[in-house]
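Colleague:
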Amino acid sequence: MNKDSPYHHGDLRAALLGAAAVEIERGGYENLSLRELAASLGVSRAAPYRHFVDRRALLSALAAGGFEELAAIYRKAIGTGKTPRTRLATSGRAYLAFAAERPQLFRLMFASDLFDAGPPDTALIKAAGDCYQVFEGLVAATLDDPDESAIKAATIALMSSTYGFALLRMGDRFKPFMVGRLTQSDLIDAVLSMEVTALPRVAGGKHRRKV
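Following this note's numbering, the numbering of the sequence shown begins with 37 at its first residue and continues without gaps.
(1) Below 8 Å, can you find three or more Cβ-Cβ pairs linking the region 222 to 234 to the region 158 to 170?
(2) Can you tell me where the alpha helix (DSSP H) holding Leu204 begins and where it ends?
(3) As a quick exercise: from Ala202, Ala130, Leu106, pick the residue whose alpha carbon is nearest that of Ser117.
(4) Using only the alpha-carbon positions, how far apart do Leu218 and Arg205 sit?
(5) Taking only runs of the alpha helix (DSSP H) that begin and end inside the region 99 to 161, which ones reach a length of at least 4 residues, in chain order?
(6) Below 8 Å on the Cβ atoms is my contact criterion, and I expect Glu172 with Ser197 to pass it. Report the Cβ-Cβ distance as a whole number of Å.
(7) Using three-state DSSP, classify Ala177 as helix, strand or coil.
(8) Span of the alpha helix (DSSP H) holding Arg71?
(9) In its own chain, which residues sit with a C-beta less than 8 Å from the C-beta of Leu150, not counting the 5 before and 5 after it?
(10) Within the same chain, show all residues whose beta-carbon is closer than 8 Å to that of Arg71, passing over the 5 residues directly before and after it, in chain order.
Here is the structure:
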(Lines of atoms letter the chains of each structure in order from A and count residues from 1; the text may use other names and numbers.)
(Lines give C-alpha, C1' and ligand atoms only; values in the text may rest on other atoms or scores of the structure.)
Protein backbone atom coordinates (compact mmCIF):
# COMPACT_ATOMS: atom_id res chain seq x y z
CA MET A 1 0.00 0.00 0.00
CA ASN A 2 1.41 3.40 -0.97
CA LYS A 3 1.79 6.03 1.71
CA ASP A 4 -0.24 8.52 -0.33
CA SER A 5 -3.17 6.15 -0.72
CA PRO A 6 -5.57 4.44 1.71
CA TYR A 7 -6.23 1.76 -0.92
CA HIS A 8 -4.55 -1.53 -1.68
CA HIS A 9 -3.51 -1.86 -5.33
CA GLY A 10 -6.60 -3.82 -6.41
CA ASP A 11 -8.98 -1.78 -4.29
CA LEU A 12 -8.06 1.53 -5.91
CA ARG A 13 -9.15 0.37 -9.36
CA ALA A 14 -12.55 -0.65 -8.00
CA ALA A 15 -12.79 2.59 -6.02
CA LEU A 16 -12.04 4.65 -9.13
CA LEU A 17 -14.73 2.85 -11.11
CA GLY A 18 -17.23 3.25 -8.29
CA ALA A 19 -16.50 6.94 -7.90
CA ALA A 20 -16.61 7.46 -11.67
CA ALA A 21 -20.01 5.75 -11.87
CA VAL A 22 -21.39 8.20 -9.32
CA GLU A 23 -19.68 11.21 -10.85
CA ILE A 24 -20.88 10.69 -14.42
CA GLU A 25 -24.49 10.61 -13.21
CA ARG A 26 -23.90 13.99 -11.59
CA GLY A 27 -22.09 15.78 -14.37
CA GLY A 28 -22.14 13.61 -17.48
CA TYR A 29 -19.45 11.26 -18.71
CA GLU A 30 -18.08 13.98 -21.00
CA ASN A 31 -17.00 16.01 -17.96
CA LEU A 32 -15.34 13.24 -15.97
CA SER A 33 -11.89 14.26 -14.68
CA LEU A 34 -9.28 11.77 -13.44
CA ARG A 35 -7.70 14.56 -11.41
CA GLU A 36 -10.97 15.27 -9.60
CA LEU A 37 -11.58 11.56 -9.06
CA ALA A 38 -8.17 11.23 -7.47
CA ALA A 39 -8.86 14.19 -5.20
CA SER A 40 -12.24 12.79 -4.15
CA LEU A 41 -10.58 9.52 -3.14
CA GLY A 42 -7.68 11.18 -1.37
CA VAL A 43 -4.96 9.80 -3.64
CA SER A 44 -2.28 11.46 -5.71
CA ARG A 45 -2.98 12.73 -9.21
CA ALA A 46 -0.73 10.01 -10.58
CA ALA A 47 -2.50 7.15 -8.76
CA PRO A 48 -5.34 6.59 -11.29
CA TYR A 49 -2.80 6.16 -14.09
CA ARG A 50 -1.44 3.05 -12.41
CA HIS A 51 -4.71 1.38 -13.36
CA PHE A 52 -5.93 3.32 -16.41
CA VAL A 53 -3.63 4.77 -19.05
CA ASP A 54 -6.03 7.66 -19.62
CA ARG A 55 -9.57 8.89 -19.09
CA ARG A 56 -10.82 6.94 -22.09
CA ALA A 57 -9.53 3.68 -20.63
CA LEU A 58 -11.47 4.30 -17.42
CA LEU A 59 -14.64 5.13 -19.33
CA SER A 60 -14.21 1.98 -21.43
CA ALA A 61 -13.92 -0.12 -18.29
CA LEU A 62 -17.00 1.58 -16.87
CA ALA A 63 -18.98 0.87 -20.04
CA ALA A 64 -17.78 -2.74 -20.09
CA GLY A 65 -19.08 -3.16 -16.55
CA GLY A 66 -22.41 -1.71 -17.66
CA PHE A 67 -22.73 -4.26 -20.46
CA GLU A 68 -21.85 -7.06 -18.05
CA GLU A 69 -24.55 -5.82 -15.69
CA LEU A 70 -27.10 -5.60 -18.51
CA ALA A 71 -26.23 -9.12 -19.67
CA ALA A 72 -26.83 -10.34 -16.12
CA ILE A 73 -30.23 -8.62 -16.18
CA TYR A 74 -31.09 -10.44 -19.40
CA ARG A 75 -29.98 -13.78 -17.96
CA LYS A 76 -32.17 -13.17 -14.92
CA ALA A 77 -35.13 -12.59 -17.26
CA ILE A 78 -34.38 -15.91 -18.97
CA GLY A 79 -34.62 -17.67 -15.63
CA THR A 80 -37.84 -16.04 -14.44
CA GLY A 81 -40.29 -15.80 -17.35
CA LYS A 82 -42.81 -18.55 -18.06
CA THR A 83 -42.82 -18.12 -21.84
CA PRO A 84 -40.30 -16.75 -24.36
CA ARG A 85 -42.43 -13.66 -24.93
CA THR A 86 -42.80 -13.04 -21.21
CA ARG A 87 -39.05 -13.34 -20.79
CA LEU A 88 -38.46 -10.90 -23.64
CA ALA A 89 -40.92 -8.38 -22.21
CA THR A 90 -39.33 -8.72 -18.77
CA SER A 91 -35.90 -8.06 -20.23
CA GLY A 92 -37.21 -5.01 -22.09
CA ARG A 93 -38.74 -3.60 -18.93
CA ALA A 94 -35.47 -4.14 -17.07
CA TYR A 95 -33.51 -2.48 -19.89
CA LEU A 96 -35.72 0.61 -19.69
CA ALA A 97 -35.39 0.69 -15.91
CA PHE A 98 -31.60 0.51 -16.28
CA ALA A 99 -31.68 3.46 -18.70
CA ALA A 100 -33.91 5.51 -16.39
CA GLU A 101 -31.92 4.81 -13.24
CA ARG A 102 -28.44 5.28 -14.76
CA PRO A 103 -28.91 7.51 -17.79
CA GLN A 104 -25.30 8.65 -18.11
CA LEU A 105 -23.94 5.11 -17.98
CA PHE A 106 -26.56 4.17 -20.56
CA ARG A 107 -25.42 7.03 -22.81
CA LEU A 108 -21.80 6.03 -22.32
CA MET A 109 -22.60 2.48 -23.41
CA PHE A 110 -24.85 3.25 -26.36
CA ALA A 111 -24.26 6.84 -27.47
CA SER A 112 -20.56 7.61 -26.94
CA ASP A 113 -17.63 7.29 -29.33
CA LEU A 114 -15.91 4.52 -27.35
CA PHE A 115 -16.48 2.04 -30.18
CA ASP A 116 -15.43 4.40 -32.95
CA ALA A 117 -12.62 6.74 -31.97
CA GLY A 118 -9.17 5.40 -31.14
CA PRO A 119 -8.06 1.78 -30.78
CA PRO A 120 -10.83 -0.56 -29.62
CA ASP A 121 -10.85 -1.70 -26.01
CA THR A 122 -10.92 -5.50 -26.15
CA ALA A 123 -12.69 -5.92 -22.81
CA LEU A 124 -15.40 -3.48 -23.86
CA ILE A 125 -15.87 -5.15 -27.25
CA LYS A 126 -16.20 -8.55 -25.57
CA ALA A 127 -18.65 -7.33 -22.92
CA ALA A 128 -20.85 -5.60 -25.50
CA GLY A 129 -20.76 -8.62 -27.80
CA ASP A 130 -21.65 -11.03 -25.01
CA CYS A 131 -24.54 -8.80 -23.95
CA TYR A 132 -25.85 -8.68 -27.51
CA GLN A 133 -25.66 -12.46 -27.85
CA VAL A 134 -27.74 -12.98 -24.70
CA PHE A 135 -30.36 -10.53 -25.96
CA GLU A 136 -30.38 -12.08 -29.42
CA GLY A 137 -31.06 -15.44 -27.79
CA LEU A 138 -34.06 -13.96 -25.99
CA VAL A 139 -35.43 -12.69 -29.30
CA ALA A 140 -34.73 -15.92 -31.19
CA ALA A 141 -36.64 -17.94 -28.60
CA THR A 142 -39.85 -16.06 -29.44
CA LEU A 143 -39.70 -16.86 -33.17
CA ASP A 144 -40.98 -19.96 -34.96
CA ASP A 145 -38.24 -21.74 -36.93
CA PRO A 146 -36.34 -18.54 -37.83
CA ASP A 147 -33.29 -18.35 -40.04
CA GLU A 148 -30.26 -16.28 -39.06
CA SER A 149 -31.34 -13.24 -41.07
CA ALA A 150 -34.77 -13.28 -39.42
CA ILE A 151 -33.20 -13.38 -35.97
CA LYS A 152 -30.84 -10.52 -36.80
CA ALA A 153 -33.62 -8.40 -38.29
CA ALA A 154 -35.91 -8.93 -35.32
CA THR A 155 -33.16 -8.24 -32.79
CA ILE A 156 -32.07 -4.99 -34.42
CA ALA A 157 -35.68 -3.83 -34.87
CA LEU A 158 -36.43 -4.51 -31.22
CA MET A 159 -33.23 -2.87 -30.01
CA SER A 160 -33.92 0.21 -32.11
CA SER A 161 -37.45 0.62 -30.81
CA THR A 162 -36.59 0.20 -27.14
CA TYR A 163 -33.46 2.34 -27.41
CA GLY A 164 -35.40 5.11 -29.13
CA PHE A 165 -38.05 5.11 -26.42
CA ALA A 166 -35.36 5.19 -23.73
CA LEU A 167 -33.66 8.21 -25.30
CA LEU A 168 -36.92 10.10 -25.84
CA ARG A 169 -37.93 9.54 -22.23
CA MET A 170 -34.44 10.46 -21.02
CA GLY A 171 -34.62 13.74 -22.92
CA ASP A 172 -38.08 14.52 -21.54
CA ARG A 173 -39.52 14.49 -25.06
CA PHE A 174 -42.90 13.04 -24.13
CA LYS A 175 -44.89 16.21 -23.53
CA PRO A 176 -48.29 16.40 -21.79
CA PHE A 177 -50.15 17.00 -25.04
CA MET A 178 -48.63 13.77 -26.39
CA VAL A 179 -49.26 11.42 -23.48
CA GLY A 180 -52.54 12.78 -22.12
CA ARG A 181 -53.49 10.70 -19.09
CA LEU A 182 -51.07 7.88 -19.85
CA THR A 183 -48.58 7.05 -17.12
CA GLN A 184 -44.96 6.03 -17.65
CA SER A 185 -46.02 2.47 -16.95
CA ASP A 186 -48.73 2.71 -19.61
CA LEU A 187 -46.19 3.92 -22.16
CA ILE A 188 -43.74 1.15 -21.36
CA ASP A 189 -46.50 -1.46 -21.59
CA ALA A 190 -47.53 -0.08 -24.98
CA VAL A 191 -43.98 -0.15 -26.36
CA LEU A 192 -43.24 -3.66 -25.16
CA SER A 193 -46.61 -5.02 -26.26
CA MET A 194 -46.18 -3.56 -29.73
CA GLU A 195 -42.66 -4.96 -30.04
CA VAL A 196 -43.53 -8.49 -28.96
CA THR A 197 -46.65 -8.56 -31.14
CA ALA A 198 -44.81 -7.26 -34.20
CA LEU A 199 -41.83 -9.61 -33.97
CA PRO A 200 -43.29 -12.41 -36.12
CA ARG A 201 -44.00 -9.92 -38.91
CA VAL A 202 -40.56 -8.34 -38.67
CA ALA A 203 -38.82 -11.71 -38.67
CA GLY A 204 -40.42 -13.15 -41.76
CA GLY A 205 -37.06 -14.41 -43.03
CA LYS A 206 -36.92 -14.81 -46.78
CA HIS A 207 -40.67 -14.20 -46.92
CA ARG A 208 -40.44 -10.84 -45.17
CA ARG A 209 -42.31 -8.19 -47.14
CA LYS A 210 -40.41 -5.11 -48.27
CA VAL A 211 -41.89 -1.66 -47.80
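Backbone N, C-alpha and C fix where the C-beta goes; we use that ideal spot for every residue, glycine too.
Modeller: Working from what's here:
(1) no
(2) For the purposes of this step, residue 204 is taken as residue 168 along the sequence shown, with counting starting at 1. Looking at the DSSP string, the run of the alpha helix (DSSP H) that includes Leu204 is 184 to 206.
(3) For the purposes of this step, residue 117 is identified with residue 81 of the sequence shown, where counting begins at 1. For the sequence presented, residue 117 should be read as Gly rather than Ser. Checked all of Ala202, Ala130, Leu106; the closest Cα to Gly117 is Ala130.
(4) For the purposes of this step, residue 218 is taken as the residue at position 182 of the sequence shown. For the purposes of this step, residue 205 is taken as the residue at position 169 of the sequence shown. Distance between the alpha carbons of Leu218 and Arg205: 13 Å.
(5) 120 to 137, 139 to 147
(6) Here residue 172 is taken as the residue at index 136 of the sequence shown, counted from 1. Here residue 197 is taken as the residue at index 161 of the sequence shown, counted from 1. That pair is no contact at about 15 Å.
(7) Indexing the sequence shown from 1 puts residue 177 at position 141. Three-state result, Ala177: coil.
(8) The residue given as residue 71 occupies position 35 in the sequence shown. Here the alpha helix (DSSP H) through Arg71 covers 70 to 77.
(9) Counting from one through the sequence shown, the residue named residue 150 turns up at place 114. Correct list, in chain order: Arg92, Leu95, Ser96, Ala99, Leu144, Asp157, Leu160.
(10) As a position in the sequence shown, residue 71 is number 35, starting the count at 1. The answer, listed in chain order, is Arg81.
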